[in-house]
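Engineer: Once you've had a glance at the structure underneath, I'll fire off some questions.
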Amino acid sequence: MGGNHSHKPPVFDENEEVSFDHFQILRAIGKGSFGKVCIVQKRDTKKMYAMKYMNKQKCIERDEVRNVFRELQVMQGLEHPFLVNLWYSFQDEEDMFMVVDLLLGGDLRYHLQQSVHFTEGTVKLYICELALALEYLQRHHIIHRDIKPDNILLDEHGHVHITDFNIATVVRGAEKASSMAGTKPYMAPEVFQVYVDGGPGYSYPVDWWSLGVTAYELLRGWRPYEIHSATPIDEILSMFKVERVHYSSTWCKGMVALLKKLLTKDPESRLSSLSDVQSAPYLADMNWDAVFKKALTPGFVPNRPYEIHSATPIDEILSMFKVERVHYSSTWCKGMVALLKKLLTKDPESRLSSLSDVQSAPYLADMNWDAVFKKALTPGFVPNKGRLNCDPTFELEEMILESKPLHKKKKRLAKHRSKDGTKDSCPLNGHLQQCLETVRKEFIIFNREKSCSAKEVEDADLGPAGVKIWGLKCQRPVCQSRGMGGTPQGTQLTQAQG
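Going by UniProt numbering, the sequence shown opens with residue 1, and the numbers climb by one from there.
Dropping the structure here:
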């Protein structure tokens, strides 16, 4: 994708609305039930982003338009170092587009499936970073309602970022949410209780319960309760009443105490604010300014031994090779470290560079190479057979199987526009046409680049009492927005149906 683009320097009017033409499509990286995600580069600034695009007709057919609008409405007012931030939104005849931060470290679910062992120190930092994000959302009256490993992305340095706001809801003052929303294994007891007996509703503490479930799962590899999407609600409520959560005897007492407070069934007694978390004895030594500034190094960093990217200048790369040392985990055995050091030797004459070199490594002395060749040895990791695990699949599907591939959009829309008004055009049914027109009118156009200059972004705000609040501050977003009910332009967030 993107291979046939002109190399002429782009010329864009700075007052022009951002559109599909402002981006070069590089490759597809994911897909959902009605949307796909690809890596893009903005042609004028050369900055890289992730672009999520959702087919309008499919959204209408699946009654998902309101959720898309809700996500846009929520995200346009947010900017925080531990969120996936929205940069642009725009539309064309076929799709709605959201351009967000590009995070290439993968989500925590992926790393759990890869059997990554998350240490207590790593999870401790994750809890702190996510606590800052949840406190920020709480100050903006937002309940996320779907905190889970799938919705927590890592950047290339290993820091966490919350994504997916399509079922988030906005509450004001003492208001509470009253509908059952979320992913069952991560939903707090009070959410199920509301569904069963109406209850008083629920509020921000549900996100902190989900944080507790997520932290437990990262440490142990499974969740504190055996709940699945198909588990009946009465069975789930019974579990909460009679089952006790088992904490590993290898975990330190401070971590166990913190998890117990996050997994307290009574929302009134649960840790459910940044100040609650900061008061936990286990986190007494945490430098919260350093956490906010991402100055602490996570225990798990995805990907590469050197911090090299596609846009890194060559002279900078050569400088890295001269002055930087590769860090090897203290948990790896000496033989593996020795083998990696020989493979990563900078001098090609001294590097392991043949099969005989590799076979002579002491770490591989016990390897049966005939069995390796015959595939007679069972790998320690076997990919899930029920899903596609290869990234290029998304690219191949987009180019070969997709009936309306993104890389042919410009020609396709031009052809469609030329047919409009001719006898060859095929009109859509009246209801669908009306819905598409409503989406076109109501869609929220957003441009963070215009709304926040570098000088207007600060690392922290001061609250009314002089209390330090971790977040970012910028001008009111530049957007053209009408809610599904025709909310006037520039109004504050209204409560989403929740």
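A virtual CB, placed ideally from N, CA and C, is assigned to each residue, including glycine.
(1) What are the boundary residues of the beta strand (DSSP E) that GLN51 is part of?
(2) How big is the Cα-Cα spacing for PHE446 and ALA50?
(3) Taking buried to mean at least 16 other C-beta atoms within 10 Å of its own C-beta, is LYS124 buried or exposed?
(4) THR250: which of THR119, THR163, ALA371 sits nearest, CA to CA?
(5) What does the alpha-carbon distance come out to for the pair GLN73 and MET320?
(6) In the structure shown, what three-state DSSP assignment does ASP21 receive?
(7) Mind checking HIS161: buried by the 16 CB within 10 Å criterion, or exposed?
(8) How big is the Cα-Cα spacing for LEU104 and LEU154?
(9) Can you list, in chain order, the residues of its chain with a C-beta nearer than 6 Å to that of LEU258? Leave out the 5 residues immediately preceding and following it.
(10) If we ignore side chains and look at the alpha-carbon of each, how far apart do THR122 and LEU219 end up?
(11) I need the straight-line Cα distance from ARG109 to TRP222, nearest angstrom please.
(12) What residues in its chain sit with their C-beta under 7 Å from that of ASP95, if we drop five residues either side in the sequence?
(13) Which residue marks the beginning of the beta strand (DSSP E) containing LYS42, and which one marks its end?
(14) Quick check: the Cα distance between VAL171 and THR331, rounded to an integer number of angstroms?
(15) For ASP150, tell me which candidate among PRO185, GLU135, GLU235 has the shortest Cα-Cα distance.
(16) Within its chain, find whatever has a CB closer than 8 Å to the CB of LYS260; leave out the 5 residues flanking it on each side and keep chain order.
(17) According to DSSP, simplified to helix, strand and coil, what is TYR328?
(18) When you compare only the Cα positions, how much space is there between VAL158 and MET239?
(19) Between which two residues does the beta strand (DSSP E) holding LEU154 run?
(20) So LEU132 is in the alpha helix (DSSP H); what residue range does that whole segment cover?
(21) Grouping DSSP H, G and I as helix and E and B as strand, with all else coil, what is ASP370?
(22) Under a three-way DSSP split, which group does THR264 fall into?
(23) Going by DSSP, what residue range makes up the beta strand (DSSP E) through GLN91?
(24) Quick one: measure Cβ to Cβ for ASP273 and GLU135, integer angstroms, because I've assumed they're closer than 8 Å.
(25) Since ILE233 and VAL196 should fall inside the 8 Å C-beta cutoff, what is the C-beta to C-beta distance between them, to a whole number of angstroms?
(26) So what's ARG109 in DSSP terms, helix, strand or just coil?
(27) Select from SER229, MET180, ASP276, PHE165 the residue whose C-alpha is nearest the C-alpha of TRP208.
(28) By DSSP's criteria, LEU83 is part of a beta bridge. Which residues make up the other side?
(29) Using only alpha-carbon positions, find the residue among ALA28, HIS111, ARG66, GLN91 that is nearest to HIS22.
Structural biologist: Considering the structure as presented:
(1) The displayed chain sequence assigns Met, not Gln, to residue 51. Element bounds for MET51: 48-55.
(2) 15 Å
(3) buried
(4) Per the Cα distances, THR119.
(5) Cα-Cα distance, rounded: 42 Å.
(6) Helix.
(7) buried
(8) 7 Å
(9) The beta carbon of LEU258 lies closer than 6 Å to those of ALA280, TYR282 in the same chain, with the five residues before and after it left out.
(10) 9 Å
(11) 11 Å
(12) TYR53, MET54, ASN55, LYS56
(13) 35-42
(14) When rounded, the distance between both Cα atoms is 45 Å.
(15) PRO185
(16) VAL245, TYR247
(17) coil
(18) According to the sequence shown, residue 158 is Gly rather than Val. Answer to the nearest angstrom: the Cα atoms are 34 Å apart.
(19) 152-154
(20) 120-139
(21) helix
(22) In this structure, THR264 counts as coil in the three-state DSSP scheme.
(23) 86-91
(24) At residue 273 the sequence reads Ser, which differs from the Asp that was named. Contact holds; Cβ gap of about 7 Å.
(25) 6 Å
(26) helix
(27) ASP276
(28) ILE162
(29) GLN91
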